[in-house]
Amino acid sequence: MSKRKAFMDKLKTIFCAVFRHSNIEEQFWGEHYCGRCRAKLGDSLAGVYRNSQVVGIHCDCEGCRERYAKMGWMDKFLAAKPEWLGEPPGYAERKRKEIDLDLERLPPGVEQL
Ligand SMILES: [Zn+2]
Ligand SMILES: [Zn+2]
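If you count the sequence shown from 1, you need to add 3 to reach my numbering.
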């Protein structure tokens with residue numbers, strides 16, 4: 004890990020500890036991670052996690068786009084940007100289809116996932 008990256012990671016962790024976690028989140032199989040410091044924030048599969056302010060990095064729904072537009076610097080500072088930012092609506096769905104197509108194009112003999 005480069006010195007700069009290590010320093011930035013530390014800064015992110017400190018920022019989250021002093022202020023709060025970002026509402027920009029990475030969601031993965033029902034688990035929620037802070038889009039800034041990467042800490043695990045909760046588990047919505049277990050039903051113990053609720054946050055109506057969340058913007059999902061990969062989500063790309065209307066709600067996330069609206070909430071992101073209203074977000075302040077506290078959420079955006081040092082946090083990962085949603086991957087759909089600057090893309091027209093439907094980005095996540097198109098990307099999923101592209102991945103599906105890629106899988107179909109695998110040469111014969113290559114193991115499917
Ligand atoms: Zn955090
Ligand atoms: Zn969403």
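All residues carry an ideal CB built from backbone N, CA and C; glycine is no exception.
Check: Buried versus exposed, by CB contacts within 10 Å (16 or more), residue 131; Outcome: Summary: the structure shown does not reach residue 131, with the chain confined to residues 4 through 116, and so no result is reported for it.
Check: Limits of the unbroken beta strand (DSSP E) element including residue 98; Outcome: That residue, residue 98, is in no beta strand (DSSP E); its alpha helix (DSSP H) goes 94–107.
Check: Distance between residue 109 and residue 103 (C-alpha atoms, nearest Å); Outcome: 10 Å
Check: Option in 4, 14 and 25 with minimal Cα separation from residue 59; Outcome: 25
Check: Per DSSP, cross-strand counterpart(s) of residue 27; Outcome: 58
Check: Closest by C-alpha distance to residue 57, when choosing among 40, 42 and 78; Outcome: 78
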